[in-house]
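Asks:
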Amino acid sequence: MSRLLDRVQSLIDKFGEDFTVGGVTGRGVFSNMTTGNARAYLTFAEIDSIILPIWSCVVTSTDATVVGDTVVWNGLTLLVKKIAQARFQGGLVGKLLVLG
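Quick look at the structure:
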């Protein structure tokens, strides 16, 4: 399992971008999320309340960001709406932050 965690960490280190949450710097891989994809994580009311675009960010399993935190990235201030866990063989290997 540690090999997979190391691989995820190295991919985020290589392809990720820095962001801040409460003055603490993190690193993640950001991308746009379609409203169709966002429906897997958010209710219709939550999606309607977000000013588009909706963003997602893949972070390591050790990232301390929680729902309700404010992420500052690339000149944008985004609210963490949902966090989905990525698991493999029962272990946490990463997290997907849904931002809006």
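Heads up, the sequence shown is in our numbering, so the first residue is 100 and it goes up one at a time.
The beta carbon of each residue, even a glycine, is placed where N, CA and C say it ideally should be.
Model, not experiment: these values are computed from the prediction.
Assign Leu191 to one of three DSSP states: helix, strand, or coil.
Replies: strand
Asks: Taking Cβ to Cβ, would you say Thr169 is nearer than 9 angstroms to Val120?
Replies: yes
Asks: Could you check the C-alpha separation between Val128 and Phe118 for me, to the nearest Å?
Replies: Spanning the two alpha carbons is a distance of roughly 10 angstroms.
Asks: For Glu116, which residues does DSSP report across the bridge?
Replies: Gly127
Asks: Can you find the residues in the same chain that come closer than 8 angstroms, C-beta to C-beta, to Met132, ignoring five residues on each side of it along the sequence?
Replies: Pro152, Ile153, Trp154, Ser155, Val197
Asks: Within a Cβ cutoff of 7 angstroms, which residues of the same chain sit near Glu145, ignoring the five residues on either side of it in sequence?
Replies: The answer, listed in chain order, is Lys180.
Asks: Could you check whether Ile182 and Gly157 sit closer than 9 angstroms to each other, using their CB atoms as the reference points?
Replies: The residue you asked about is not Gly; residue 157 is Val in the sequence shown. When the beta-carbon positions are compared, Val157 and Ile182 stay at least 9 angstroms from each other.
Asks: Going by the CB atoms, is the gap between Ala185 and Val123 shorter than 9 angstroms?
Replies: Not in contact: Val123 and Ala185 (Cβ atoms no closer than 9 angstroms).
Asks: On the DSSP bridge assignment, give the partners of Arg186 in chain order.
Replies: According to DSSP, Arg186 bridges with Leu191.
Asks: Just to confirm the assignment, what range does the beta strand (DSSP E) spanning Ile150 have?
Replies: Element bounds for Ile150: n/a, residue is neither H nor E.
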